[in-house]
Structure formats: structure tokens, C-alpha cells
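J.: Please read through the structure below; I'll follow up with questions.
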Amino acid sequence: MKYPITCVLGQRGSGKTLFMTYLAHQYHAEGKKIYANFTLYDIPFHYITFQKLAELPDELTNAIVFLDEIQIGADAYEVFKKSNKMITIFATQLRKRKITLYYSTQVFKMVTKRLRLQTNYIITFDNNVTPGIVKGQIYEYNTETYQDYLKTIKMDLRTYFNSYDTDEVITFSENEVSEGVEKTA
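First residue of the sequence shown: 200, per my numbering; consecutive thereafter.
In C-alpha cells form, the structure reads like this:
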């Protein structure tokens with residue numbers, strides 16, 4: 200499928216953001232434009248907040264987008280919030296904008312239903328015994344059969360530990376970031 204939406208799902212510390220960091224590096228090596236709401240080191244990327252994403256910026260096209268902790272921007276309990284609606288509208292326009300979207304969450308049902316219904320794949324990560332060694336299952340997601348198992352993956356991603364800040368706090372807007380912390384691409 201071209202321009203899919205993939206949910207990276209797992210408990211705290213299971214390797215979700217580490218895996219998305221690995222993917223960002225792989226896509227960058229292919230010459231793709233990268234957007235993320237968390238800081239990536241070692242590769243050029245465009246930092247984007249949920250607030251900016253909800254504005255549907257025109258320049259956000261032909262790219263790979265990584266959104267950590269998606270429930271902060273598309274919370275299932277805030278269905279009437281304008282920004283929540285705009286993020287789900289963004290998801291419906293991915294093909295037209297030539298965007299592939301990856302988002303992470305700890306609990307799938309915390310994500311607004313409109314975005315869950317647009318999701319094409321779910322990658323579930325097990326709690327890892329060895330930090331940096333991730334093991335997960337990839338499923339094709341649809342509302343009819345819920346999840347169709349595709350395959351299991353096991354990867355050693357320890358070389359990517361220094362490529363992002365595992366303790367970075369994800370916020371809705373730039374205004375919520377602590378003073379003195381500069382976000383640059």
C-alpha cells in the first residue's frame with residue numbers, strides 16, 4: 200500500500216521510539232524528507248508539533264512523518280477538540296500529500312477512533328529483556344477482521360540509542376516545551 204498509516208504499539212520502554220528512529224534513518228538514506236515531533240540526531244529533519252500538524256501546513260508534502268505519543272495530539276477522549284479533528288483530517292489526505300505516517304502509542308484505544316479507522320498496519324512490541332533488542336509482530340489492520348498477522352521481527356537497534364533522546368517529553372505545542380530548550384532541524 201502506498202502512503203500507509205502505521206501504529207507502533209507497546210508498553211513504556213518497549214522500543215517504539217527507538218524503532219521509529221531507526222526507520223527515520225532508513226528513509227533518510229533513501230532521500231526522503233523526514234518530519235518528527237521528537238528530536239532526531241545524526242540526520243536532517245523537520246521538527247513538527249501536533250499543533251503545527253493540525254494547521255495542515257502546505258509545505259508538509261512528499262514526506263515521512265513520525266509522531267511519538269499520538270494520544271497527546273489525537274486523544275480518544277477529546278473527539279470534539281478542533282486540533283484532534285484537524286489531525287484526523289490530515290490522515291485522510293496522506294495520499295494526496297504523498298505522506299507515509301508512523302505514530303506510537305502505549306494503548307491503541309487512547310487514540311481517537313477516526314485515526315484508528317485510518318490505520319493500515321499495527322506493529323506491536325513486546326517488553327524487551329535486553330535494551331535495544333526489539334521484538335514485535337506486524338499486523339495488517341482493518342475494521343472487519345481487526346488484525347491479520349503478517350510477520351514477526353527481531354532487531355538489534357542499540358546503535359540508534361544515541362540518535363534520539365529517550366527522555367524527551369512530548370508536548371502538544373512548542374509553547375509547552377521548557378524555556379531554554381531549542382528545537383532545530
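For glycine and all other residues, C-beta sits at the position ideal for the given N, C-alpha and C.
Since the model is a prediction, treat every value here as computed from it, not as a measurement.
So, for residue 336: in the same chain, excluding its five sequence neighbours on each side, which residues have a beta-carbon less than 6 Å away from its beta-carbon?
T.: Result list for residue 336: 323 and 351, in chain order.
J.: Would you give the residue range spanned by the alpha helix (DSSP H) that residue 393 belongs to?
T.: The question about residue 393 has no answer, for the chain in this structure spans 200 to 384.
J.: Applying the 10 Å Cβ sphere with the 16-neighbour rule, what's the burial state of residue 321?
T.: Residue 321 comes out buried.
J.: Restricting to runs no shorter than 3 residues, where is the beta strand (DSSP E) found entirely within the segment 229-306?
T.: 232-235, 262-266 and 298-304
J.: Per DSSP, which one or two residues make a beta bridge with residue 212?
T.: None, per the DSSP bridge assignment.
J.: Is it buried or exposed, residue 364, if we count other Cβ atoms within 10 angstroms and call 16 or more buried?
T.: Under this definition residue 364 is an exposed residue.
J.: Work out the CA separation of residue 200 and residue 238 for me, nearest whole Å.
T.: 28 Å
J.: For residue 304 versus residue 270, is the C-beta spacing smaller than 7 Å?
T.: yes
J.: From residue 248 to residue 301, what does the alpha carbon distance come to, in whole angstroms?
T.: 14 Å
J.: Once you ignore the five residues that flank residue 334 on each side, which residues in its own chain have a CB closer than 6 Å to its CB?
T.: 325 and 353
J.: Out of curiosity, what's the CA-to-CA distance linking residue 273 and residue 328?
T.: 30 Å
J.: Rounded to whole angstroms, what is the Cα-Cα separation between residue 263 and residue 312?
T.: About 22 Å.
J.: Excluding the 5 residues flanking residue 289 on each side, which residues of the same chain have their C-beta closer than 7 Å to its C-beta?
T.: 252 and 255
J.: Count the other C-beta atoms from every protein chain shown that fall within 10 angstroms of the C-beta of residue 299, then say buried if there are 16 or more, exposed otherwise.
T.: buried
J.: Measure the beta-carbon distance from residue 369 to residue 236 and round it to whole angstroms, keeping in mind my assumption that it falls under 8 Å.
T.: 6 Å
J.: Identify, in the order they occur along the chain, each residue of the same chain with its Cβ nearer than 8 Å to the Cβ of residue 222, setting aside the five sequence neighbours on each side.
T.: Once the five neighbours on either side are set aside, the close Cβ partners of residue 222 are 263, 265 and 301.
J.: Which residues bound the alpha helix (DSSP H) around residue 308?
T.: Residue 308 -> no alpha helix (DSSP H), and no H or E assigned at all.
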